[in-house]
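A.B. asks:
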Amino acid sequence: MNKLKNISNSKLLIIFFALAYTISWIGNLFELHSILPPGPLIAAVILLGVMGGKTAIKDFLSRIVRWRVGLRWYAFVLLLPMTLMGLAIGLNLLLGASFSSSFHAPEIGDVLVTFILIMLFIGLGEEPAWRGFALPRLMKNRSVLTASLILGVLHVVWHLPLLGLEYHWNNVLPWAITTIAYSVVVSWMYVHTKGNLLLPILIHTSQNVMGAFVFSKAFSGSDVISLWWLMATSWWIVALFIVMKYGKNLGPEMLRKKLTYAGMEN
6 MNKLKNISNS
16 KLLIIFFALA
26 YTISWIGNLF
36 ELHSILPPGP
46 LIAAVILLGV
56 MGGKTAIKDF
66 LSRIVRWRVG
76 LRWYAFVLLL
86 PMTLMGLAIG
96 LNLLLGASFS
106 SSFHAPEIGD
116 VLVTFILIML
126 FIGLGEEPAW
136 RGFALPRLMK
146 NRSVLTASLI
156 LGVLHVVWHL
166 PLLGLEYHWN
176 NVLPWAITTI
186 AYSVVVSWMY
196 VHTKGNLLLP
206 ILIHTSQNVM
216 GAFVFSKAFS
226 GSDVISLWWL
236 MATSWWIVAL
246 FIVMKYGKNL
256 GPEMLRKKLT
266 YAGMEN
């Protein structure tokens with residue numbers, strides 16, 4: 006235990022990602038293209054337990070239920086994915102795409118049930134670990150932007166088992182680009198909400214719900230691929246705007262230092 010507590014930050018990150026990938030990918034031994042979304046959370050909790058015991062785990066998990074942030078942030082996480090999706094769909098139609106004949110508006114009840122399931126299994130399983138455990142440690146001696154880009158790439162790698170199932174040669178690149186831009190946007194939100202972990206869960210859930218009910222069903226064939234690229238462009242416009250406005254730390258330097266220290270304490 007003492008050896009792990011005194012391990013270097015870079016080695017701890019390697020152990021975390023190796024453990025997160027292993028737990029998440031273990032299902033491929035039994036069924037190809039399997040991925041366990043709670044793998045990153047399980048890995049983070051294991052390492053926190055070894056390093057700091059029950060207290061570290063409790064402190065970490067308590068950050069997930071800190072709901073007292075401004076209402077504008079809830080609006081942001083719920084509406085941004087919807088807005089970007091709407092813009093991408095509108096542009097796709099203007100460029101000549103046509104809605105799939107089988108596409109129809111989903112039932113509200115179905116959307117709510119799906120939202121809750123994705124939030125509890127995917128959003129909760131991934132985001133607290135990516136933003137609450139990995140990001141602060143990646144931010145040590147790095148700008149928030151650089152840490153976000155690294156985390157975005159590692160997040161893309163985590164999805165490798167889904168290649169050939171959800172991601173193929175013609176959509177993997179725009180999807181990966183979107184994921185990296187998403188990482189920058191969520192890191193900016195993380196910085197400006199003092200390390201809140203509930204909001205990343207909600208924006209991840211909102212993005213996946215939009216994908217489940219709209220993205221994968223609205224178009225077919227080459228029209229879907231053009232939508233992928235329009236979505237990637239939309240997310241990168243938001244990410245670049247944030248970088249241009251707030252700089253490489255996506256906010257004040259003192260916030261980066263404070264969040265780096267606080268995040269590494271648990």
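Each residue of the sequence shown is one higher than the one before, starting from 6 at the first, in our numbering. Note that the Cβ used here is the ideal one computed from N, Cα and C, for glycine as well.
Considering residue 198, what are the terminal residues of the alpha helix (DSSP H) in which it resides?
C.D. replies: Careful: residue 198 lies outside any alpha helix (DSSP H) and carries neither H nor E.
A.B. asks: Quickly, what does DSSP pair residue 232 with across the bridge? List them, please.
C.D. replies: By DSSP's assignment, residue 232 forms no beta bridge with any residue.
A.B. asks: Residue 134 and residue 25: beta carbons closer than 8 angstroms?
C.D. replies: yes
A.B. asks: Return yes when the Cβ of residue 83 is within less than 8 angstroms of the Cβ of residue 211, no when it is not.
C.D. replies: yes
A.B. asks: Short check: CB of residue 272 to CB of residue 111, under 8 angstroms?
C.D. replies: The displayed coordinates of the chain run from 6 to 271. Any statement about residue 272 would go beyond what the structure contains.
A.B. asks: Between residue 157 and residue 123, how many whole angstroms is the CB-CB distance? I'm expecting something under 8 angstroms.
C.D. replies: With 8 angstroms as the limit, residue 157 and residue 123 do not qualify as a contact, their Cβ atoms being about 20 angstroms apart.
A.B. asks: So, at 8 angstroms on beta carbons, what are the nonlocal neighbours of residue 256 in its own chain, with the 5 sequence-adjacent residues on each side left out?
C.D. replies: 149, 193, 196 and 197
A.B. asks: When the Cβ atoms of the segment 169-186 are set against those of the segment 90-103, are three or more pairs found closer than 8 angstroms?
C.D. replies: no
A.B. asks: Which residues share a DSSP beta bridge with residue 168?
C.D. replies: For residue 168, which the question treats as bridged, DSSP gives the partners 172.
A.B. asks: Determine the closest residue to residue 226 out of 191, 102 and 74, with distance taken between C-alpha atoms.
C.D. replies: 102
A.B. asks: Per the contact definition of three or more C-beta pairs closer than 8 angstroms, is the segment 198-206 in contact with the segment 53-71?
C.D. replies: Segments in contact, yes.
A.B. asks: Decide yes or no for the touch test of the segment 44-61 against the segment 129-146: beta carbon pairs closer than 8 angstroms, at least 3 of them.
C.D. replies: Contact between the segment 44-61 and the segment 129-146 is present, because at least three Cβ pairs lie under 8 angstroms.
A.B. asks: Determine the extent of the alpha helix (DSSP H) in which residue 131 is found, giving its start and end residues.
C.D. replies: Where residue 131 is concerned, the enclosing alpha helix (DSSP H) stretches over 129-132.
A.B. asks: Buried or exposed: residue 191, going by 16 or more other Cβ atoms within 10 Å of its Cβ?
C.D. replies: buried
A.B. asks: How is the alpha helix (DSSP H) around residue 40 delimited, first residue to last?
C.D. replies: Looking at the DSSP string, residue 40 is not in any alpha helix (DSSP H), and its letter there is neither H nor E.
A.B. asks: In this structure, does DSSP put residue 90 in helix, strand or coil?
C.D. replies: Three-state DSSP puts residue 90 in a helix.
A.B. asks: Can you give me the Cβ contacts of residue 154 inside the same chain, cut-off strictly under 8 angstroms, excluding the 5 residues immediately before and after it?
C.D. replies: 185, 188 and 189
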